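J.: Line by line, the protein sequences are chains D and H.
Number 242 in the numbering used here belongs to position 50 of the first sequence; there are no gaps in the numbering.
Number 243 in the numbering used here belongs to position 120 of the second sequence; there are no gaps in the numbering.
Cβ atoms here follow ideal geometry from the backbone N, Cα and C, with glycine treated the same way.
This structure is a prediction, so every number in the text was calculated from the model and none was measured.
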Amino acid sequence: MSKNNNIEDFFNASMEQFNDVPDDSVWSGINENLEQKPPFYKTGVFWLASLLGILLLIGSINYVGSTQEKINGLLNDNKKLELQNEEMGHQLIECSYRSLEAERILEEYTQLEKSEKEEKKSAIIPPIKKETQKDYDKLEKEYIQFKENYTAPKLEEIPNVVPQVIETTTDSNLYLDGDIIIQEKTKTEVKIYSYDKDKNREEIKIEVEGVKPDFRPEFFEKVKDKTDKVKDFFKRKKKKKEE
Amino acid sequence: MALNPDIIGSIIKGCIKGDRQAQYTLYNGYKIYLFGVCMRYARHRQEAQDMLQEGFILIFRDMKSFSGKSNIKTWMNRVMVNSCLMHIRKFRKIEFSDIENDRLENIHFTKDVFQEMDRANAIIHLIQQLPVAHQTVFNLRAMEGYSFKEISQQLDINEATLRSHYARARKQLQKFLDKEFKGNE
């Protein structure tokens, strides 16, 4: 050995002589270990199951995430809708208020329209016969002539009327004012005013038979028929005032 | 017991299939040789037996990876060495520090001891007395024939340190053997 300077060769050569036999327990241990099933975590099933589990988890997280997103979206939409509803609520209240008002107006309008229609119906004037037309033209001419010749004493300050003096007294004048209140098929309601010296006005409504209550002499004649009644009214009114 | 080269192929196939008889045949054929390998890396016989058991389990489990290009003995040796290193890493601490206990100084082999023990066991006994780092590096380099680069990659230690450890181990063994043999002459 002392002559052998190559220690590696010496050791390797020495190891070739190794003849020690391990105990039988070694094989028993190996055999026992090999018989054991590999731990579950080392089996393919484990890894496959793990992979599936992970995929399922990721999927679930994504699903939950997307669902949460949807829920959030819906909640946001819901909030928006709630806000809109709140606003709409006010609008609805306003609308309902308006609609009630509108209904009322509509009803009034309908009634008005209805009454207008009825009035129109009632105001339909039957076609004028030729003879009547001639008479009418004659009357029209007379009216124009009357208007041209007409002079109204002391009436410069009374607007919008072309009055017919009914009666003139020392302290008051009684005029026929041209206000037509209702014109029906056969009669017309007109207002008659009484002015005193201080221009205080009193009024009375009277009904006159006939249509077109313009200032045709025929019409005034009709009004004049009622002058007594009118005079009485104003006299009584005056008395009452004085009392 | 050396295995017949004609039947080794079928034994390997049997081992791959998990045939216990084939596995036992293979074990029986190489248990002494591989036990010798384990003895060099272990600190004592019992640990060597544990290493052998672990190594063989690894061999049987990894038998599918044996390509057949190399010798089965070489392949098994490599697997066994790896298993031994794993065992050392697991149960012992390899310290590659500069300060090493010169344990060989305290060992005194007499001529009788060498005569009583066979030379292989005496050599193994000597190697087992080296510090773990020296023992491991010496085994890998001198006995297995790994290059310092390969050992460096396996143990994750730089080559210079390994060379230093190897030189020290070699020097210690040489010194001891010289002293023993000269002293006993």
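1) Run through DSSP, which three-state label would D/E399 get?
2) Over the uninterrupted alpha helix (DSSP H) stretch that includes H/Q146, give me the two end residues.
3) Skipping 5 residues on each side, what residues in its chain have a beta carbon closer than 6 Å to that of H/S287?
4) Using 8 Å for Cβ pairs, my map puts H/R163 next to H/I250. What's the rounded Cβ distance?
5) Among H/V202, H/L157, H/F189, H/R215, whose alpha-carbon lies nearest the alpha-carbon of H/G132?
6) Would you mind telling me which residues of chain D sit closer than 9 Å to H/M266, beta carbon to beta carbon, in chain order?
7) For H/Q295, is the classification buried or exposed, using 16 other Cβ atoms within 10 angstroms of its Cβ as the cut-off for buried?
8) Using 8 Å as the limit for Cβ to Cβ distance, is H/K272 near chain D?
9) Taking the alpha-carbon positions, what's the D/E348 to D/E394 distance?
10) So that I know if they touch, is there some Cβ in chain D lying closer than 8 Å to that of H/L159?
11) State the Cα-Cα distance for the pair H/Q277 and H/I180, rounded to the nearest angstrom.
12) Is the Cβ of D/V213 closer than 8 Å to any Cβ of chain H?
13) Inspect the CB distances between the segment 137-147 of chain H and the segment 198-208 of chain D and report whether three or more fall short of 8 Å.
14) How big is the Cα-Cα spacing for H/R264 and H/F271?
15) Determine contact between the segment 235-246 of chain D and the segment 189-202 of chain H, defined as no fewer than three beta-carbon pairs at a distance below 8 Å.
16) Kindly list, in the order they appear in chain D, the residues whose Cβ is closer than 9 Å to that of H/R291.
17) Under 9 Å between beta-carbons, which chain D residues line up against H/Q172? List them in chain order, please.
18) So which residues of chain D does H/N281 contact, with C-beta pairs closer than 8 Å?
19) Where do the ends of the alpha helix (DSSP H) carrying H/V255 lie?
20) Figure out for me which residue from H/I182, H/G268, H/V160 has the closest Cα to the Cα of H/I135.
T.: Once the coordinates are examined:
1) Collapsing the DSSP output to three states places D/E399 in a strand.
2) Residues 143-164.
3) Correct list: empty, nothing qualifies.
4) Sure, about 5 Å apart at Cβ, within 8 Å.
5) Per the Cα distances, H/F189.
6) Those within 9 Å of H/M266 in chain D are E200, F203, N204, M207.
7) Result: buried.
8) H/K272 does not count as touching chain D.
9) With a pLDDT of 36 at D/E348, under the threshold of 50, the predicted position of this residue should be treated as unreliable, and no value is reported.
10) The displayed chain sequence assigns Gly, not Leu, to residue 159 of chain H. For H/G159, the answer is yes, since a Cβ of chain D falls inside 8 Å of its Cβ.
11) Computed Cα separation, rounded: 21 Å.
12) The Cβ of D/V213 sits closer than 8 Å to at least one Cβ of chain H.
13) No: the two stretches stay apart, fewer than three of their Cβ pairs being nearer than 8 Å.
14) Approximately 7 Å between the Cα atoms of the pair.
15) Too few Cβ pairs lie closer than 8 Å, so no.
16) In chain order: nothing, as chain D lies at least about 13 Å away.
17) From the beta-carbon of H/Q172, the residues of chain D found nearer than 9 Å are P214, D215, S217, V218, G221.
18) Here the premise fails: no neighbours, minimum Cβ distance about 22 Å.
19) Boundaries of the alpha helix (DSSP H) around H/V255: 255-261.
20) Nearest option by C-alpha distance: H/I182.
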